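**Q** Handing you a structure now.
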Ligand code: 6AU
């Protein structure tokens, strides 16, 4: 339908209108990155011409006969928002909006509007040069568990954007390419042969290098911990990055001992070498307020964070009570806890609202080190998306692989680390410190029995600390 003669005539008439309203200009213009371009497209002006906006929406709709197969549309902010709105209205296809400024307001949703998990979304954009704006939008939609595989754009400047998008799994449909636009304008005597040649030469000479764009992407695996402080929205993640940089340790001890006095002795012995001290408080015999007081003072003395591995997994309200009430009163002494995503984001909401320490963080369990874990890819993806939505509370994720490389504000906590053992016969699976840091993307490694069962736990902690830190240095220097 979109290739009929009549359609092409309407497309040509539309192109000429764009020229007439100065949405496409020819001369010498400076681009965002300071280069000179002989053609400048500013589609923002189109909002002043509602009829033309309607024509544009009709042309896009006709060019995409499968548009109704999508669940939602999303315009790339800001210029494409009114275009997406017009299309959404005409086709009766719901729209969502991506917030560009959500970064500054930690708790705000990145995607506004109603959508369901795994909804398919068609992205709408005005002009594509490198394709990076579309990829930004794709990133946020993906984090919200919305599937994006296609984008429709008004104008493809043919400078490499289509390829970058394709490399990232996005098929791009363009109403017009720059070549086509120039042909239409030439046929309508809007531009000279010389201008057409200049534009063609310019496009040839200014192809965007996708590898350069890929390099500018944030990559937490290459970033020093101290640089990541500013990327985090969670107070405990910030504190943790600072402690790791200052103490030069990314070791978390799993203090899975059952005797309160032994736990305090362990804290004193390994305290100088760890950034986190992880407990399972419900296995402790001899728990008391004095024990907590002593543990807190050792944590302060050696500058590590107390971390109760409670793995909250009930409905929000129950988790809230388990966190703040009962014998252990976890929220009054442990700034960090773990939670499952199984019962949905209500758990995170409940932990955030509970009474307790003002600064708190949660590690959400996305993957498990145990053999035969029932967690699958979909669960993992949805867990990360849930955590990313709640970045003021979420310190990071407990996982076994590089799940969120472009989110340097979150911490990857990886358990299942031991030298000289592959498992404990009860499902636990072990990797070496080097493997978890260099292959699996850990930021902090959890070591339990590798240290607690050693004849000299302090010496073992020093050994693990060194191996983990050296691997981290190797990773960021590569
Ligand atoms: O080194 P280990 O095997 O003696 O101790 C590993 C510690 C234990 C587990 O409860 C915990 O890490 N853990 C977790 C956490 C931290 O949440 C998740 C997981 O997938 N595997 C795992 O072992 O205290």
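Residue numbers (UniProt numbering): 1 to 478. Built from N, CA and C at the ideal position, the CB exists for glycine as well. Keep in mind it's a predicted model, so treat the numbers as computed, not measured.
Of all the options 171, 77, 156, which has the alpha carbon lying nearest to the alpha carbon of residue 530?
**A** This structure cannot speak to residue 530, because the chain is shown only from 1 to 478.
**Q** Which whole runs of the alpha helix (DSSP H) in the segment 323-371 are 4 residues long or more, in chain order?
**A** 346-353
**Q** If we ignore side chains and look at the alpha-carbon of each, how far apart do residue 115 and residue 357 end up?
**A** 34 Å
**Q** Find out if the Cβ-Cβ distance for the pair residue 117, residue 43 is shorter than 9 Å.
**A** It is not a contact, given that the beta carbons lie outside the stated cut-off.
**Q** In chain order, which continuous runs of the beta strand (DSSP E) of length 3 or greater are located wholly inside the segment 197-274?
**A** 251-254
**Q** Less than 8 Å separating the Cβ of residue 280 from some heavy atom of ligand 1?
**A** Correct: residue 280 has its Cβ closer than 8 Å to ligand 1.
**Q** If you compare alpha carbons, which of 168, 144, 301 is closest to residue 134?
**A** If we check each option's Cα against that of residue 134, 168 comes out closest.
**Q** If you draw a straight line from the alpha carbon of residue 270 to that of residue 238, how long is it in whole angstroms?
**A** Rounded to the nearest angstrom, the gap between the Cα atoms of residue 270 and residue 238 is 22 Å.
**Q** For the putative contact between residue 338 and residue 304, defined by C-beta atoms under 8 Å, what is the C-beta separation to the nearest angstrom?
**A** Distance from residue 338 to residue 304 at the Cβ level is roughly 17 Å; contact not present, criterion being Cβ atoms closer than 8 Å.
**Q** Report yes if the CB atom of residue 441 is closer than 9 Å to the CB atom of residue 430, and no otherwise.
**A** no
**Q** For ligand 2, is there any heavy atom lying closer than 8 Å to the beta carbon of residue 121?
**A** Annotation note on ligand 2: not contained in the displayed structure, which lists ligand 1 as its ligands.
**Q** If you draw a straight line from the C-alpha of residue 250 to the C-alpha of residue 437, how long is it?
**A** For residue 250 and residue 437, the distance between alpha carbons rounds to 10 Å.
**Q** Taking the beta carbon of residue 20 as the centre, do at least 16 other beta carbons fall within 10 Å, making it buried, or is it exposed?
**A** exposed
**Q** Could you check where the beta strand (DSSP E) with residue 277 kicks off and where it finishes?
**A** Element bounds for residue 277: 276-279.
**Q** Just how far apart, CA to CA, sit residue 80 and residue 340?
**A** 38 Å
**Q** Between 331, 317, 241, which has its C-alpha nearest residue 323's C-alpha?
**A** 331
**Q** Span of the alpha helix (DSSP H) holding residue 147?
**A** Unbroken run through residue 147 is the beta strand (DSSP E), 147-156; no alpha helix (DSSP H).
**Q** Going by alpha carbons, who is nearest to residue 65 out of 15, 173, 140?
**A** 173
**Q** Report buried or exposed for residue 234, applying the criterion of at least 16 other Cβ atoms within 10 angstroms of its Cβ.
**A** buried
**Q** Going residue by residue through the segment 20-87, where are the continuous alpha helix (DSSP H) segments of at least 4 residues, counting only ones entirely within it?
**A** 50-63
**Q** Are the CB atoms of residue 57 and residue 90 within a distance shorter than 9 Å?
**A** Yes. Within cutoff.
**Q** What are the residues that DSSP puts in a beta bridge with residue 529?
**A** Since the first and last residues shown for the chain are 1 and 478, residue 529 lies out of range.
**Q** Does the beta-carbon distance from residue 380 to residue 370 come in below 9 Å?
**A** no
**Q** Per DSSP, which residues does residue 121 bridge with? Please list them.
**A** 72, 148
**Q** What is the residue span of the alpha helix (DSSP H) that residue 466 lies within?
**A** 457-477
**Q** Helix, strand or coil, according to DSSP, for residue 449 in the structure here?
**A** helix
**Q** Could you check whether the Cβ of residue 363 sits closer than 8 Å to any heavy atom belonging to ligand 1?
**A** Checking every heavy atom of ligand 1 against the Cβ of residue 363, one is found closer than 8 Å.
**Q** So, helix, strand or coil for residue 311, using DSSP?
**A** When DSSP states are grouped into helix, strand and coil, residue 311 belongs to the strand group.
**Q** I want to check one thing, is the minimum distance from the CB of residue 249 to the heavy atoms of ligand 1 below 8 Å?
**A** no
**Q** Helix, strand or coil for residue 111? Go by DSSP, reduced to three states.
**A** strand
**Q** May I ask whether a heavy atom of ligand 1 can be found less than 8 Å away from the beta carbon of residue 49?
**A** no
**Q** For residue 76, tell me which candidate among 31, 136, 69, 347 has the shortest Cα-Cα distance.
**A** With distances taken between Cα atoms, residue 76 lies closest to 136.
**Q** Provide the residue span of the alpha helix (DSSP H) that contains residue 179, from first to last.
**A** In the DSSP assignment, residue 179 falls within the unbroken alpha helix (DSSP H) covering 178-187.
**Q** Under 8 Å Cβ to Cβ from residue 224, same chain only, skipping five residues before and after it: list those, please.
**A** 245, 476
**Q** Taking the C-alpha atoms as reference points, what is the distance between residue 151 and residue 123?
**A** 4 Å
**Q** Tell me the residue span of the beta strand (DSSP E) that contains residue 405.
**A** Per DSSP, residue 405 is not a residue of any beta strand (DSSP E), being assigned neither H nor E.
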